[in-house]
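Participant:
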Amino acid sequence: MRCFIAILLAASTSLHAAENVSLLRAENTSLLLWLDANNVEQTDANVTRWVDSSSYENHISAMDDSHRPVWIPSALGDKPAIRFKNARLQRDIFNGVPTGDQPLHVFVVFDGKTIEGRSPRLLDIQNRPARGEIDARYYLKRKGFWLGYQDFKPETVGQLRLGIWYGQEAPTERISFDAKPHIAEVTYAGRQQWSFFDNGVSNGFGNFKGDTMFLGFELGARLAVGQTYNSDNEATAFDGDISEIIVFNRSLSFFEQQQIGAYLAQKYQLETDYSDDEYKPLIFEDDIAPLLTKYCVDCHSTEDPKADLDITSLLGVHRGSISGAVVQPENAPASMMMQLVGSNQMPPPDYDLRPTAMEIQ
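Quick note: the sequence shown uses our numbering, first residue 20, plus one each step.
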């Protein structure tokens, strides 16, 4: 009883701290999932259900006694975590995930280590099979995502990846599974565009390309945390602590990213590059135009611009090209311009200069 009361008090404190973060209010329909280690149901410290604080009620549960993770009261600073070791929590229907090419913006606060021979999964978001469908190669192929790492060559061990089921994998640039706490931020903006941030610092971006891209969800999705959905294969079991998971059904703006990241950094007392300072809007003439002039003006200026795209003025950028709009206000990751830059198609490969990660960010 004492432990249960402590959890209730901790959960109340956590929710109170998030009151000023408008994105984390239950009425926000873009918030698909909010799992906080303060908010669990347990038996003798074994977690039976992790309660979702979003309006979609995507609570995840242990399927049996042998797969229950453990609630640790003081894992990350003075905050609790769920400790996974050959354990998983899951649900059959990930409410709020429709059919089609669904954007996702994910934050995971975790502390994990590498284990030889393992390819662990922090999250597994699978396409739901049709009734009676048992061939996973059909209902999963290119129709779901996993978040974890692959142990198929030395340089990939501990490197967080967003993988498409039976499809391509998007890699980060730096190791995340190093027995240290991280705020991992992963965006799938739709139209094959992905990006990573680690503790607020850009950690890779690009596009899925070729014939193994994401096809979209057919019948909605199902969800597992800590291991592949419905699998007892220890090779995909995550070994470590997860303190919080937040998932949105759209890509967030820069200010929104900072808002969520700063909330998590302050809560878990982590040093990051997130800032909750008042957002200073970018000025096109001061902040954007110099970069476009540096990398794009040779081909896209007022005199005979290629693809009819003139980037020398804000009006020209918003007007777009013969292919349509090149930017989406408040949704940079989904913009055509960012997709072309992320896939190294622009500037052209034979161009002498390449934008740095900081310039792109």
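Idealized CB from N, CA, C, for every residue including glycine.
All values derive from a computational prediction rather than experimental measurement.
Taking DSSP as the reference, what is the three-state secondary structure of A208?
Facilitator: Correct three-state label for A208: strand.
Participant: Where does G339 fall in DSSP's three states?
Facilitator: Note: G339 maps to coil in three-state DSSP.
Participant: When burial is assigned at 16 or more other CB atoms within 10 Å of the CB, is G136 buried or exposed?
Facilitator: G136 should be labelled exposed.
Participant: Taking the CB atoms as reference points, tell me whether I144 and R110 lie closer together than 7 Å.
Facilitator: No; because the gap between Cβ atoms is not below 7 Å, this pair is not in contact.
Participant: To which residues of the same chain is F23 closer than 6 Å at the C-beta, ignoring the five residues directly before and after it?
Facilitator: With a pLDDT of 45 at F23, under the threshold of 50, the modelled position of that residue is not reliable, and the figure given next carries that caveat. There are no such residues.
Participant: Exposed or buried, which one is Q93 when buried takes at least 16 other CB atoms within 10 Å?
Facilitator: A quick correction: the sequence has Ser, not Gln, at residue 93. When all chains shown are included, S93 counts as exposed.
Participant: For the beta strand (DSSP E) that contains F273, what are its first and last residues?
Facilitator: Here F273 belongs to no beta strand (DSSP E); instead the alpha helix (DSSP H) covers 273-286.
Participant: Exposed or buried, Q285, counting other C-beta atoms within 10 Å across all chains shown (16 or more means buried)?
Facilitator: Its Cβ having fewer than 16 others within 10 Å, Q285 is exposed.
Participant: Drop a sphere of 10 angstroms on the beta-carbon of S342, count the other beta-carbons inside from all chains shown, and report buried for 16 or more, exposed for fewer.
Facilitator: Exposed.
Participant: Does DSSP classify L51 as helix, strand or coil?
Facilitator: Residue state, collapsed to three classes: strand.
Participant: State the beta-bridge partners of W184 as determined by DSSP.
Facilitator: DSSP lists no partner for W184.
Participant: Ends of the alpha helix (DSSP H) at K313?
Facilitator: Unbroken alpha helix (DSSP H) run through K313: 308-314.
Participant: Hey, could you find the ends of the beta strand (DSSP E) I265 is sitting in?
Facilitator: Start and end: 259-267.
Participant: Does DSSP classify L179 as helix, strand or coil?
Facilitator: Reduced to three states, the DSSP call for L179 is coil.
Participant: So, for G335: in the same chain, excluding its five sequence neighbours on each side, which residues have a beta-carbon less than 6 Å away from its beta-carbon?
Facilitator: Within the same chain, G335 has close Cβ partners D329.
Participant: Assess contact between the segment 121-139 and the segment 267-274, defined as three or more Cβ pairs (one per stretch) separated by less than 8 Å. Is contact present?
Facilitator: Contact holds: three or more Cβ-Cβ distances are below 8 Å.
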